[in-house]
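Undergrad: FYI, in the working numbering the residues of the sequence shown are 1 to 129.
In this text, a Cβ means the ideal position worked out from N, Cα and C, and glycines have one as well.
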Amino acid sequence: MDDQADLRQFAELLMRLVRDQAIASCDALAAGRMGGASGNRWRELLADERTRQAVRTLIPEIVDEVLFYFVNALDADDLPLAWRREDGSYVDLYELGGSELGGDLMVSDGWRAQYSSQRFFAPGADSPS
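Printed below as a string of structure tokens:
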């Protein structure tokens, strides 16, 4: 079993299927491109451009906070979940990540830079990456 390959696959899928889609969906809501009750609520709350831009700037940071606390719970073994390998066997994400998932996600050259197509805020940077 190649733990590093499994960890890379987990990271890539988490970034692409969860992070990227959540940011894209919130961006569409903030831009007023979504219908329904949620779309109407966002349009009403983000009526002026300054507020809309502030929310759009914060969206990736909010998504990253949620993801950080998710992987931090895995790192602490507080959320016992397993990863299914290609051969059908399972490995505990706590063991697979070696208590480093939170760092792998949040460091400036980590998972967000490697696998996400969406912007992110790297502390110390003047603008989102």
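Determine the burial state of Met-106: buried for a count of at least 16 other Cβ atoms within 10 Å of its Cβ, exposed for fewer.
TA: So Met-106 counts as buried.
Undergrad: What runs of the alpha helix (DSSP H), each 4 residues or longer, lie entirely inside the segment 26 to 74?
TA: Qualifying alpha helix (DSSP H) stretches, in chain order: 36 to 45.
Undergrad: I'd like the span of the alpha helix (DSSP H) that includes Asp-104, first residue to last.
TA: Asp-104 -> alpha helix (DSSP H) spans 101 to 106.
Undergrad: Is the beta carbon of Asp-104 less than 8 Å from the beta carbon of Ala-11?
TA: It is a contact, given that the beta carbons lie within the stated cut-off.
Undergrad: Ordered along the chain, which non-local residues of its own chain (more than five positions away) have a Cβ less than 8 Å from that of Leu-74?
TA: Excluding sequence neighbours, Leu-74 sits near Leu-81, Leu-93, Tyr-94, Gly-97, Leu-101.
Undergrad: Taking all protein chains shown into account, decide if Gln-114 is buried (16 or more other Cβ within 10 angstroms of its Cβ) or exposed.
TA: It counts as exposed.
Undergrad: Have a look at Arg-8 and Asp-48 and give me their C-alpha separation to the nearest angstrom.
TA: Roughly 41 Å separates the two Cα atoms.
Undergrad: Looking only at its own chain, which residues have a Cβ that is under 8 Å from the Cβ of Val-91, when we skip the five neighbours before and after it?
TA: Met-1, Asp-3, Asp-6, Ala-82, Trp-83, Arg-85, listed in sequence order.
Undergrad: Could you tell me which residues DSSP puts in a beta bridge with Val-91?
TA: Per DSSP, Trp-83.
Undergrad: Taking the C-alpha atoms as reference points, what is the distance between Val-71 and Asp-77?
TA: The straight-line gap from Cα to Cα measures roughly 10 Å.
Undergrad: If you run the structure through DSSP and keep just helix, strand and coil, what is Phe-120?
TA: Coil.
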